[in-house]
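Count along the sequence shown starting at 1, add 9, and that's the number in the numbering used here. C-beta: ideal position from N, C-alpha, C; glycine also. Computed from a prediction, not measured in an experiment: that's the story for all the values here. Reading through the C-alpha cells given below for one structure.
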Amino acid sequence: MPDSIKNIKAKNKLGLIFFPAFDWAISPTHPEREERLLYTRDQVFEEGLMDIDGIKEFNPGIAEEKDVQKVHICVPEVKKVTTPSHLISAGGAIKAAGLVLNKEVDKAFAIVRPPGHHAFRVVHGARGFCNINNEAIMVEAIRSKYPDLKIAFVDTDAHHADGTQEIFYHDPHVLHISLHQNGRTLFPGSGFTNEVGGPGAYARTLNIPLPPYTTDEGLHYVLDNLVLPVLEDFKPDLIINAAGQDNHYSDPLTNMKISARGYAELNARLNPDIAILQGGYSIESALPYINVGLILAMAGLDYSNVREPDFDSRNLTQDPVITDNIKNTVAVLREIWENRNNQAPVPDTGEFTIKNNFYEREKHIFYDTDGINELQRERVKACPDCPGYIIIDSRAEKGFRNTRIKAISIPLKACKNCHEEAHLKFEEAKKEAGNKYDYLYLQDVKGEEFVTYPSP
C-alpha cells in the first residue's frame with residue numbers, strides 16, 4: 010500500500026460496485042470490449058483504495074425481467090435483447106441506489122459495463138453500444154419503493170444521453186441535465202438547447218451542447234453557472250452522476266479536452282449520491298485515472314495528485330471563442346429555467362402537435378450498433394392531473410425485415426382516469442393485432458402489469 014493511503018479514513022462512506030463483464034463484448038476489437046475496465050480495476054487496487062477505511066466493495070445484483078419491463082418495451086421480449094451481462098450491469102446500478110437509500114453507505118459508485126444511456130423506451134436492438142438503460146432501470150426500481158422521490162440526473166458523457174432523456178421526457182419528477190459534445194459533431198446528433206421536455210415536464214430536460222475541444226475550464230463554468238443553481242432550485246432527493254468518461258482528452262471517439270482531475274473536481278462539487286459509469290474508451294490512458302479521481306472525490310478525500318502520465322496543462326488551454334460559445338449557451342438555458350413557471354399551461358416548443366387531446370410527435374431513431382432504422386409515432390395523453398399515458402406506434406427496418414409494434418405505457422404517477430383509459434386502449438388495440446402489428450405491449454408501471462400480445 011502506498012504511504013499516502015495508510016491510516017486514511019474516508020469522510021464519506023463509499024460503496025463500490027464492480028462489474029467489468031470480462032466475458033462480454035460487442036466484438037474483440039470494438040471500443041466496448043472485455044478489457045475496458047481491466048486497467049481501472051488494477052489501478053484501484055494498486056493505489057490501495059480498497060484499503061481505505063470507509064471504502065467498501067459490494068457485489069452487484071441481477072436485474073429481473075420485471076425491472077427491465079418497467080422501463081423498456083423489448084421487441085419481441087427481454088431475453089431476446091439482453092444478455093446476463095446487461096442484467097448484471099443494471100443490477101449493479103440498482104444495488105448502488107439501494108445501498109444509499111438504505112443508508113448502508115453515504116454514496117455509491119457503480120463501475121459497470123455494458124453502458125446504457127442510449128437505450129430508449131422501445132428496444133429493437135443495440136444503439137450507441139447500449140441494449141437496455143441501466144440507470145433508468147435503477148430509477149424505476151427504487152421508485153417502486155420510494156414513489157415520491159425527486160431525482161436529478163447530471164450526465165457528463167461526451168455523447169448526448171438521448172435514451173435516458175427520452176424515457177423521462179414526460180416525467181416532471183425527474184430532472185435530466187446532459188453535458189456533451191455538440192450533436193452536430195458527434196453521435197447521436199441530438200441534445201440541443203430546444204429539447205426541454207414534454208408539455209407536462211417543461212424545463213425538466215436541459216441540454217448543454219459543448220463545442221469540441223472544451224476543457225476543464227468550460228466544464229466547470231457550466232457546473233457553477235447552470236447545473237448547481239438549477240439543482241439548488243429543483244431540490245432533488247437524489248442526485249445521479251451518469252459518469253461517462255469519454256470527454257477525456259485522450260478518448261479515441263470524441264474531441265474534448267477534459268482531464269482526470271477536472272472530472273474529479275466536477276464530481277466533488279456536484280456531490281452526487283450515486284455515480285454510474287457510462288462511456289469512456291481510452292481504457293489505459295484515461296479510465297484508470299478518472300475512476301481513481303472519482304472514487305477519491307466521492308469519498309471526500311484529496312484528489313489533487315491524480316494525474317495522467319502524459320498530462321500537460323499547456324495542451325489543455327481553452328480557446329476564448331469556445332468560452333464565449335459556452336457562456337452564450339448557458340445564458341439561453343438559464344433563461345429557460347428561470348422562466349419555467351411563467352409559461353403557458355402547455356408550453357409550445359414546436360416539438361409536439363396536439364390532436365384529439367393527445368400531444369403527438371414523430372421520431373426517427375437509428376440503431377448504429379445493429380443497423381436498424383425505426384420510425385416511431387408517440388402520442389401522450391394531455392391530462393391536467395398526471396403526466397398522461399403514452400401510445401407508441403413503432404416500425405423497425407433491418408434489411409428486408411420489418412417489425413411493427415404498438416405499445417401503451419402507463420407511468421407510475423398516472424391518475425385513475427388515465428390508468429383505466431389506457432387499459433381500454435390496449436383492449437381496443439388487440440382488434441388490430443395480426444393484421445397491423447406483430448406485437449402489442451402493455452407497460453403498466455403504476456399497476457406493475459406487463460403484457461405482450463400475442464406471446465412471443
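Under 9 angstroms between C-beta atoms of residue i and residue j
i: residue 18; j: residue 82; result: no
i: residue 311; j: residue 305; result: yes
i: residue 105; j: residue 24; result: yes
i: residue 235; j: residue 404; result: no
i: residue 189; j: residue 206; result: no
i: residue 204; j: residue 214; result: yes
i: residue 251; j: residue 285; result: yes
i: residue 435; j: residue 389; result: no
i: residue 141; j: residue 50; result: no
i: residue 208; j: residue 391; result: yes
i: residue 164; j: residue 187; result: yes
i: residue 9; j: residue 283; result: This structure leaves residue 9 out entirely; the chain is present only between 10 and 465.
i: residue 46; j: residue 122; result: yes
i: residue 438; j: residue 398; result: no
i: residue 501; j: residue 227; result: In the structure as shown, the chain begins at 10 and stops at 465. Residue 501 is therefore absent and cannot be evaluated.
i: residue 396; j: residue 181; result: yes
i: residue 430; j: residue 48; result: no
i: residue 278; j: residue 319; result: no
i: residue 394; j: residue 426; result: yes
i: residue 451; j: residue 428; result: no
Residue-level contact to chain C via CB, residue i, 9 angstroms cutoff
i: residue 306; result: Among the protein chains of the structure shown there is no chain C, as only one such chain exists.
Residues near residue i by beta carbon distance below 7 angstroms, same chain, minus five either side
i: residue 245; result: 159, 160, 161 and 184
i: residue 22; result: 63, 114 and 115
i: residue 454; result: 79, 149, 419, 420 and 421
i: residue 380; result: 407
i: residue 59; result: 53 and 66
i: residue 400; result: 388, 417 and 434
i: residue 345; result: 205 and 212
i: residue 337; result: none
i: residue 87; result: 74, 77 and 78
i: residue 152; result: 158 and 421
Those residues which DSSP pairs with residue i across a bridge
i: residue 383; result: 374 and 405
i: residue 395; result: Partner(s): none; residue 395 has no beta bridge.
i: residue 190; result: 219
i: residue 38; result: According to DSSP, residue 38 bridges with nothing at all.
i: residue 286; result: 252
i: residue 410; result: 407
i: residue 185; result: 162 and 214
i: residue 415; result: 402 and 449
i: residue 27; result: 120
i: residue 442; result: 446
i: residue 461; result: 450
Neighbourhood of residue i by C-beta distance below 8 angstroms, restricted to the same chain and skipping five residues each side
i: residue 196; result: 137, 168 and 377
i: residue 255; result: 166, 167, 168, 262, 263, 265, 288, 289, 290 and 291
i: residue 35; result: 41, 42, 135, 138 and 378
i: residue 371; result: 384, 385, 386 and 387
i: residue 192; result: 169, 198, 199, 200, 201 and 218
i: residue 382; result: 373, 374, 375, 376, 405, 406 and 407
i: residue 91; result: 77, 83, 140 and 141
i: residue 465; result: 85, 86, 89 and 448
i: residue 410; result: none
i: residue 273; result: 299, 302, 303, 305, 306, 312 and 315
Anticipated Cβ contact below 8 angstroms, residue i with residue j, distance rounded
i: residue 291; j: residue 225; result: Wrong, their Cβ atoms sit about 16 angstroms apart, outside the cutoff.
i: residue 217; j: residue 239; result: The pair is not a contact, with the Cβ atoms about 11 angstroms apart (cut-off 8 angstroms).
i: residue 84; j: residue 385; result: So it is not a contact: roughly 12 angstroms between Cβ atoms.
i: residue 175; j: residue 129; result: 5 angstroms
i: residue 335; j: residue 461; result: That pair is no contact at about 46 angstroms.
Cutoff 6 angstroms; reference residue i; Cβ partners in own chain excluding five residues on either side
i: residue 76; result: 146 and 150
i: residue 11; result: Only weak support exists for where residue 11 lies, its pLDDT of 47 falling under 50; the value from the coordinates is given anyway. So the list reads 57, once near-sequence residues are dropped.
i: residue 242; result: none
i: residue 143; result: 98, 99, 102 and 125
i: residue 317; result: 269 and 298
i: residue 463; result: none
i: residue 257; result: 267, 291 and 295
i: residue 30; result: 94 and 122
i: residue 364; result: none
i: residue 96; result: 71 and 72
i: residue 26; result: 67, 69, 101, 104, 105 and 119
Any non-hydrogen atom of the ligand FMN closer than 8 angstroms to residue i Cβ
i: residue 152; result: The ligand FMN is absent from the structure shown, which contains no ligands of any kind.
Problem - Contact between the stretch 446 to 456 and the stretch 406 to 417 (3+ Cβ pairs under 8 angstroms) - result: yes
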